[in-house]
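Participant: Position 351 of the sequence shown, counted from 1, bears residue number 556 in our numbering, the numbering being contiguous throughout.
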Amino acid sequence: MNNRTRKILISLANNANRVALPAHVLMRRFSVTRRTISNDIATIKEYLKDFNLTVTHQKGEGYVIKGSENSLTQLRNSLELSPTVLNADSRRQQIIIGLLMTQHDTSISNLANKYYVSRSAIQRDFGILKQDLAQSGLDLFSDYRGTHILGSESAIRNKLRQVVNDYRPLLGQEKLVTKPANSRLDAVTYLRLVGLFGETNTSKAENALIAFEKNSKIDLNDVLYSNLVTHILIIVSRHQSGTSETKLTNQYEGDHLQLATEMKKLNSLLYEEFPGIFSPDDIQYLEQHLVMSGIQDTVSPELLKSYLNQFDNGAEKLAKQLIEKVSSLLGIDLTADHELAINLRAHCFAMLNRLKKRKTITNPLLIQIKENYASLFGILVLALSQALPENDAAKSIPDSEVGFLTVHFQASLEKNIEMKRVVIVCPEGVGFSRLIQNKIALTLPLVKVVAVVPYKNIRSYDFSGIDFVVSTLKFECAVSVVQISGFLDSEDMNRINSFVIHHSMEMMPNKIQPFINASCIFPRMSFEAPTAAVTYIINQMRANGLVDEAFLDSALRREEIMATNIGHGVAIPHGGSNHVIVPTVGVMTLERPIPWGKGEADVVFALALKFENIEQNKEAVNSLYYLVSSDQMLTRLRSATTVEEMLSCLRTSTIS
């Protein structure tokens with residue numbers, strides 16, 4: 206349908222069932238002959254068959270579209286989606302999808318006619334798309350036959366998956382699609398997939414996966430389910446467009462016995478829905494995605510490791526470095542935790558792929574992670590800054606990724622910590638005490654309640670072998686006391702859990718003292734941006750001969766790669782160790798919190814430390830870890846109004 210024919214159709218649609226348009230009016234409007242109008246009407250009649258609409262010629266009046274209001278609504282919605290209303294970005298989106306879906310050549314002329322733009326506009330589109338495809342190892346190739354994409358099937362599928370994830374449904378498309386009740390996809394994803402692959406194939410893909418999960422031992426979370434539906438539809442689309450040479454079969458022999466049985470079930474189910482489409486290679490492709498997408502609990506570590514070895518992108522080295530550096534900075538050896546190693550490596554594999562493609566992932570628990578595990582989050586920020594090249598801006602690490610890494614290490618820490626023996630002291634009575642005891646037993650596996658002791662018996666109770674007390678009161682005792690509310694809410698649980706991991710915190714020697722320099726302590730300062738605050742502190746360090754002139758640029762580059770806000774209102778900017786002359790920790794508090802990364806900060810620890818060689822420097826980081834975990838210490842720092850008050854807090858012998 207050319208541009209003129211489409212305009213005639215729009216005019217007829219706007220007057221459907223009401224006013225007829227005479228042929229001579231159309232002839233004058235478009236400066237064409239009656240024969241041309243007749244040909245246009247014939248094209249429109251053919252087009253309207255899909256909508257159960259007809260064009261009739263009323264003698265003496267003209268042409269009019271006849272049909273039900275529902276059919277007319279569908280037609281008008283379809284016309285709203287016409288390529289003529291597409292902006293340049295939407296047009297390129299449609300062009301790249303068409304090129305990736307099929308290997309058939311297309312021409313500049315055909316695309317110009319299809320989207321009602323000039324040939325030069327399509328040529329500009331091709332130039333932009335060619336650059337984009339090159340980043341995925343693909344090429345946009347043109348010759349006398351037309352234009353198509355060159356590259357491996359794997360690269361084309363990966364690019365198509367990326368395009369699908371970025372796909373923006375066209376204006377009004379949501380009016381034409383209703384998500385069925387039995388679909389597990391969210392509404393946005395369903396609309397996206399149906400818009401690209403159609404309702405029939407999307408429904409078939411979901412049917413196969415729902416049956417697979419029901420009849421297999423593999424649990425598909427919502428994200429994995431959505432990704433698998435997308436992969437299946439891409440494979441189907443590529444095969445149906447004739448771009449893959451492999452066909453058939455309902456036979457699949459997996460290389461790994463543990464998954465082979467389950468994948469055979471999936472192969473059979475897919476064969477029922479899409480006969481003759483999925484090859485053994487396609488099933489193995491889906492198997493690889495299953496293994497790499499978070500079913501570690503379903504498959505053996507050996508199977509996961511074999512895939513990681515086969516497709517390693519630097520994840521093994523990075524995971525090993527992180528474990529070694531975090532172990533060193535914390536003073537806790539996690540290098541023997543094989544479960545941490547394999548799970549961390551799997552996450553790093555996916556993370557490095559996302560960073561390479563400049564893709565981000567949402568971490569729905571990031572705020573809670575930074576609030577509950579701020580100190581460990583900070584350790585990961587330091588470890589990552591050492592593991593990744595300082596000038597590697599391409600690997601800008603978002604907070605969401607650091608949050609996921611933090612959870613892996615937190616789980617390892619909890620697993621490697623011995624169970625703590627506690628006593629409950631609750632003056633509200635036996636009922637409250639038992640309630641607290643039961644909640645602890647259900648939610649804190651690292652805590653064993655040894656006894657419930659009345660407050661009046663505290664002085665005579667033998668606390669030998671008791672790690673700490675849980676109580677609704679704060680009182681002096683032979684062991685540490687964790688104060689909670691009467692109903693033990695989620696904040697109380699987090700407080701106890703944090704204390705379990707760092708229960709010796711109240712007696713933790715403060716080894717950060719030697720790095721505190723009075724000339725680098727700044728209470729109640731006022732700045733509007735992190736860059737200004739960091740620059741001020743480091744310039745003072747430079748003026749005192751503590752760092753060289755390149756340290757500031759190093760610290761600011763690291764902020765660009767990864768914001769150093771770690772939660773609890775704390776930021777830990779730091780530069781390269783090779784620019785440190787005298788190891789120092791500068792400390793600044795701010796009158797008002799300022800935006801810092803994805804959060805805010807009003808306490809700044811500027812770290813000029815040599816992490817590599819000197820054990821003393823690592824002990825300073827270890828003390829900082831406990832200091833950031835101490836609400837009492839942070840409160841004292843924020844309350845200090847003079848350098849002397851801040852020094853008194855920072856030079857205390859123990860962190861409490």
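Even glycine gets a Cβ: it sits at the ideal position worked out from N, Cα and C. Bear in mind the structure is a predicted one, so any value in this text is a computation, not a measurement.
Can you tell me which of 775, 488, 318 and 340 puts its alpha carbon nearest to the alpha carbon of residue 864?
Facilitator: Outside the displayed range of the chain (206 to 861) lies residue 864, so it cannot be described from this structure.
Participant: Run the proximity test for residue 493: is its beta-carbon closer than 7 angstroms to any non-hydrogen atom belonging to the ligand FMN?
Facilitator: The ligand content of the structure shown is nil, which means the ligand FMN is not present either.
Participant: Looking at C-alpha atoms only, which residue of 372, 312 and 321 is the closest neighbour of residue 351?
Facilitator: The residue with the shortest Cα to Cα distance from residue 351 is 312.
Participant: If we require 4 or more residues per run, which alpha helix (DSSP H) segments fall completely within the segment 658 to 737?
Facilitator: DSSP runs (the alpha helix (DSSP H)) wholly in the segment 658 to 737: 695 to 706.
Participant: Alpha carbon to alpha carbon, what distance is there between residue 531 and residue 540?
Facilitator: Distance between the alpha carbons of residue 540 and residue 531 is about 10 angstroms.
Participant: Tell me, to the nearest whole angstrom, how far the beta carbon of residue 773 is from that of residue 833; I am working on the premise that it is less than 8 angstroms.
Facilitator: The Cβ separation is near 6 angstroms, so the contact holds.
Participant: Alpha carbon to alpha carbon, what distance is there between residue 611 and residue 528?
Facilitator: Cα to Cα, residue 528 sits roughly 11 angstroms from residue 611.
Participant: Please return the same chain residues whose Cβ sits closer than 6 angstroms to the Cβ of residue 796, not counting the five positions on each side in sequence.
Facilitator: So the list reads 729 and 731, once near-sequence residues are dropped.
Participant: What are the start and end residues of each continuous alpha helix (DSSP H) run of 4 or more residues lying completely inside the segment 603 to 629, in chain order?
Facilitator: Listed in chain order, they are 604 to 620.
Participant: Which residues mark the beginning and the end of the alpha helix (DSSP H) in which residue 773 is found?
Facilitator: Where residue 773 is concerned, there is no enclosing alpha helix (DSSP H), given that its DSSP letter is neither H nor E.
Participant: What's the C-alpha gap between residue 473 and residue 399?
Facilitator: Going by the C-alpha atoms only, they are around 24 angstroms apart.
Participant: Can you give me the Cβ contacts of residue 786 inside the same chain, cut-off strictly under 7 angstroms, excluding the 5 residues immediately before and after it?
Facilitator: Excluding sequence neighbours, residue 786 sits near 750, 751, 752 and 753.
Participant: Does residue 566 pass the burial test, meaning 16 or more other C-beta atoms within 10 Å, or should it be called exposed?
Facilitator: Classification of residue 566: exposed, given that the 10 Å Cβ count is below 16.
Participant: Alpha carbon to alpha carbon, what distance is there between residue 444 and residue 254?
Facilitator: Residue 254 and residue 444: Cα-Cα distance of roughly 28 angstroms.
Participant: Is residue 458 helix, strand or coil by DSSP?
Facilitator: For residue 458, the predicted model reports a pLDDT of 46, less than 50, meaning its position is unreliable; a value from the coordinates is still stated below. Residue state, collapsed to three classes: coil.
Participant: Out of 839, 619 and 853, point me to the one whose CA is closest to residue 809's CA.
Facilitator: Checking every option, the nearest Cα to that of residue 809 belongs to 839.
Participant: To which residues of the same chain is residue 632 closer than 6 angstroms at the C-beta, ignoring the five residues directly before and after it?
Facilitator: Within the same chain, residue 632 has close Cβ partners 660.
Participant: Do the CB positions of residue 437 and residue 365 come within less than 8 angstroms of each other?
Facilitator: No, Cβ-Cβ distance for residue 437 and residue 365 is not below 8 angstroms.
Participant: So who's on the other strand from residue 321, going by DSSP bridges?
Facilitator: Partner(s): none; residue 321 has no beta bridge.
Participant: So which of 221, 218, 251 and 262 has the shortest CA-CA distance to residue 229?
Facilitator: With distances taken between Cα atoms, residue 229 lies closest to 262.
Participant: If you follow the alpha helix (DSSP H) that residue 241 is in, where does it begin and where does it stop?
Facilitator: 239 to 253 is the span of the alpha helix (DSSP H), which, as asked, contains residue 241.
Participant: Which residue spans inside the segment 791 to 837 form an unbroken beta strand (DSSP E) run of at least 3?
Facilitator: 804 to 813, all fully within the segment 791 to 837.
Participant: According to DSSP, what are the bridge partners of residue 352?
Facilitator: DSSP, once it has assigned bridges, lists 311 and 347 as partnering residue 352.
Participant: Nearest to residue 689 by CA position, among 306, 698 and 683, is which residue?
Facilitator: Among 306, 698 and 683, the Cα nearest to that of residue 689 belongs to 698.
Participant: Are three or more beta carbon pairs between the segment 542 to 559 and the segment 579 to 594 nearer than 8 angstroms?
Facilitator: Too few Cβ pairs lie closer than 8 angstroms, so no.
Participant: Please say whether residue 491 and residue 554 have beta carbons closer to each other than 8 angstroms?
Facilitator: No, the Cβ-Cβ distance between residue 554 and residue 491 is not below 8 angstroms.
Participant: To which residues of the same chain is residue 854 closer than 8 angstroms at the C-beta, ignoring the five residues directly before and after it?
Facilitator: For residue 854, where only same-chain residues beyond five positions count, the Cβ hits under 8 angstroms are 838, 841, 842 and 845.
Participant: Output yes or no for whether 8 angstroms exceeds the beta carbon distance between residue 330 and residue 296.
Facilitator: Yes, they are a contact pair.
Participant: The beta strand (DSSP E) spanning residue 262 covers which residue range?
Facilitator: Element bounds for residue 262: 259 to 263.
Participant: Going along the chain, which residues of its own chain have a beta-carbon closer than 7 angstroms to the beta-carbon of residue 281, five neighbours each way excluded?
Facilitator: So the qualifying residues of the chain are 218.
Participant: Could you work out which residue in 247, 209 and 251 is closest to residue 232 when comparing CA atoms only?
Facilitator: Nearest C-alpha to residue 232: 209.
Participant: Around the C-beta of residue 615, are 16 or more other C-beta atoms found within 10 angstroms, so that it is buried, or is it exposed?
Facilitator: Answer is buried; the Cβ neighbour count reaches 16.
Participant: For residue 723 versus residue 852, is the C-beta distance shorter than 8 angstroms?
Facilitator: The answer is yes: Cβ separation under 8 angstroms.
Participant: Using the three-state DSSP reduction, which class does residue 212 fall into: helix, strand or coil?
Facilitator: Correct three-state label for residue 212: helix.
Participant: What is the DSSP secondary structure of residue 656, counted as helix, strand or coil?
Facilitator: DSSP places residue 656 in strand when its eight states are reduced to three.
Participant: Taking the alpha carbon of residue 292 as the reference point, which residue from 271, 322, 234 and 765 has its own alpha carbon closest?
Facilitator: Checking every option, the nearest Cα to that of residue 292 belongs to 322.
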